[in-house]
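One structure is given below, encoded as structure tokens.
Numbering (our numbering), first residue to last: 67 to 248.
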């Protein structure tokens, strides 16, 4: 499958440089994801070019600003709220192997899928978590512990601030993957 080749040309303009091992791991994950029988329950995207842009490139685009944004340098713990099929958690875990990435979702099927991707692809820094953001915000193991909290396609900005900020450590960061229509 030519998923990575489809998006590699987009990396440079974004300032995103991925080494050969990272590209290979992303490619392996894409193939594994498509072959998994649970994949249709977490994403309707089946075309390689769409997977490349909507699952991989979309998740990793903020890393293109890695040199400019201190959140990436300081992100030893990253928590993805509403991860669904692991977007952006899995690509972030692959691209940032030195960070611990928590993939949180309230749906067991989504968390099970992320766990299968972790096991099948040896993504040891990825931790699937079955929970709601509201519950984690009250859990001492997570409350104010995360260096970076990310979320994509979950709710309005107002609601996301309410759900996510209790998880961010003092001096930490919140990154909302939002399109032009906030």
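Cβ atoms here follow ideal geometry from the backbone N, Cα and C, with glycine treated the same way. Treat the numbers as computed from the prediction; the structure is a model and nothing was measured.
Tell me whether residue i is buried or exposed, calling it buried when 16 or more other Cβ atoms sit within 10 Å of its Cβ.
i: residue 222; result: exposed
i: residue 205; result: exposed
i: residue 190; result: exposed
i: residue 169; result: buried
i: residue 275; result: Nothing about residue 275 can be read from this structure; the chain reaches only from 67 to 248.
i: residue 118; result: buried
i: residue 185; result: exposed
i: residue 75; result: exposed
i: residue 157; result: buried
i: residue 161; result: buried
i: residue 176; result: buried
i: residue 171; result: buried
i: residue 85; result: exposed
Does DSSP classify residue i as helix, strand or coil?
i: residue 143; result: strand
i: residue 232; result: helix
i: residue 237; result: strand
i: residue 84; result: coil
i: residue 135; result: coil
i: residue 104; result: coil
Which value, in whole angstroms, describes the spacing of the CA atoms of residue i and residue j?
i: residue 234; j: residue 113; result: 35 Å
i: residue 163; j: residue 121; result: 18 Å
i: residue 79; j: residue 130; result: 8 Å
i: residue 182; j: residue 237; result: 33 Å
i: residue 224; j: residue 203; result: 16 Å
i: residue 97; j: residue 217; result: 24 Å
i: residue 166; j: residue 159; result: 7 Å
i: residue 152; j: residue 180; result: 6 Å
i: residue 228; j: residue 240; result: 11 Å
i: residue 95; j: residue 111; result: 15 Å
i: residue 187; j: residue 178; result: 14 Å
i: residue 155; j: residue 140; result: 17 Å
i: residue 82; j: residue 174; result: 33 Å
i: residue 244; j: residue 232; result: 20 Å
i: residue 105; j: residue 207; result: 30 Å
i: residue 138; j: residue 107; result: 31 Å
i: residue 192; j: residue 220; result: 20 Å
i: residue 212; j: residue 149; result: 16 Å
i: residue 209; j: residue 135; result: 23 Å
Given 8 Å, three or more beta-carbon pairs between the region 106 to 126 and the region 189 to 209: no
Every unbroken beta strand (DSSP E) within the region 145 to 233, with a cutoff of 3 residues, ordered by chain: 166 to 171, 192 to 196 and 212 to 218
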